[in-house]
Structures are given as C-alpha cells and as structure tokens.
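Novice: Dropping the structure in here first, questions after.
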Amino acid sequence: MLSKKSKAIGFIIMSAFGFAMMAAFVRLAGDLPFTQKTFFRNLVAVAVAAVVLCREKVGFKWEKGNLPLLIIRATCGTLGIFCNYYAIDHLVLADANILNKMSPPNHPDRISNLREGYSLPSSILSLPCTLKGTGLLYK
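In structure tokens form, the structure reads like this:
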C-alpha cells in the first residue's frame, strides 16, 4: 500500500507528463493559429466538465454576486492559455513549459501562505524572485 506522500508524488509526475505531452501536441498541430488551438482545447475541457457534471448530477449554478468575479476569472484564464500557446508556438518547447510553470499566476500558494501564517513580506518578496528566475531563462 502506498503512502499518501508517495501517491501525491506520483500524481505530480503524471500531471507534469500530461502537460508536457499537451505542449508537444500543441507544437505538432502545425501552422494553426494559437487562438484556434486554444478554442479546441477549451472545447475538450467543456466536454469533460459537462460529462463530470452530468455524472455527478450537479447543476451549473452560481450566486448572483459572484458572476462578475467568475467572468474575470474566465477571462484571465483564457488570456493565460493564449499566452501559453503563443509561447509554445514561438519559443523552444522546454523554455515555454518552464515559463508556464514559473509564471506568477501559477502560484496560488502565495495566497495560501498568508492563510497558513507565513509573513506577508516573504510572500511578497517571492514574486520578484520568481520573475527574476523567469528572466534568467532568456539568453
């Protein structure tokens, strides 16, 4: 029987492999515009989400006050996917993957650090360090 830590490590490795394969297939898709690649990626995501929602018999609902925040989140997520696919098309694949993983929007742990009692200065200082590390990728 595997421990929870071993399972977590296995899931992290599978996730990294899945995202690397996705990036490779996006690159192999050829001369399609990155917006078209994004559209079909989101179409697959909607289909998967619809299947899960139907299987669990959970409707898609939101509170009235949360709708503007949901729209902002969806817009920012779509822009993030646009930027990722643009980077995959125009950079070396490894650099595009590292850039995607190191970008500050991919670090929600900064917020969770504040909830768990980490100090605000250390969380704020980690953002410029992330940006500096991202800048070191470029020669």
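Residue 93 in numbering that gives the first Met the number 0 sits at position 94 of the sequence shown, with consecutive numbering throughout.
Beta carbons are placed, not taken as given, at the ideal position from N, Cα and C, and that holds for glycine.
For G132 and D88, I'd like the C-alpha separation in whole angstroms.
Specialist: The residue given as residue 132 occupies position 133 in the sequence shown. The residue given as residue 88 occupies position 89 in the sequence shown. Answer to the nearest angstrom: the Cα atoms are 22 Å apart.
Novice: Under a three-way DSSP split, which group does F16 fall into?
Specialist: Numbered from its first residue, the sequence shown carries residue 16 at position 17. Helix, per DSSP.
Novice: Would N99 be called buried (16 or more neighbouring beta carbons within 10 Å of its own) or exposed?
Specialist: Position 100 of the sequence shown holds residue 99. By the neighbour-count rule (16 or more Cβ atoms within 10 Å), N99 is buried.
Novice: Over what stretch of residues does the alpha helix (DSSP H) that includes V91 continue unbroken?
Specialist: Stepping through the sequence shown from its first residue, residue 91 is reached at position 92. First-last for V91: undefined, no H or E at that position.
Novice: Short check: CB of T37 to CB of Y84, under 7 Å?
Specialist: Start at 1 with the first residue of the sequence shown, and residue 37 comes out as number 38. Start at 1 with the first residue of the sequence shown, and residue 84 comes out as number 85. It is a contact, given that the beta carbons lie within the stated cut-off.
Novice: What's the C-alpha gap between Q35 and M0?
Specialist: The residue given as residue 35 occupies position 36 in the sequence shown. The residue given as residue 0 occupies position 1 in the sequence shown. Computed Cα separation, rounded: 44 Å.
Novice: Assign F24 to one of three DSSP states: helix, strand, or coil.
Specialist: Counting from 1 along the sequence shown, the entry for residue 24 is found at position 25. Helix.
Novice: Please go through the same chain and pick out, in chain order, the residues whose beta-carbon is closer than 6 Å to the beta-carbon of A95, but skip the five residues on each side of it.
Specialist: Residue numbering aside, residue 95 sits at position 96 when the sequence shown is read from its first letter. These residues qualify, in order along the chain: A86 and I87.
Novice: Could you round the C-beta distance between A23 and L92 to whole angstroms and report it? I think they count as a contact, below 8 Å.
Specialist: As a working mapping, residue 23 is identified with position 24 in the sequence shown. As a working mapping, residue 92 is identified with position 93 in the sequence shown. Rounded, the Cβ-Cβ distance is 7 Å, consistent with contact.
Novice: Checking 7 Å against the spacing of the C-beta atoms, do W61 and L69 come in under that value?
Specialist: Position 62 of the sequence shown, counting from 1, holds the residue named residue 61. Position 70 of the sequence shown, counting from 1, holds the residue named residue 69. In this structure, L69 lies closer than 7 Å to W61 by Cβ.
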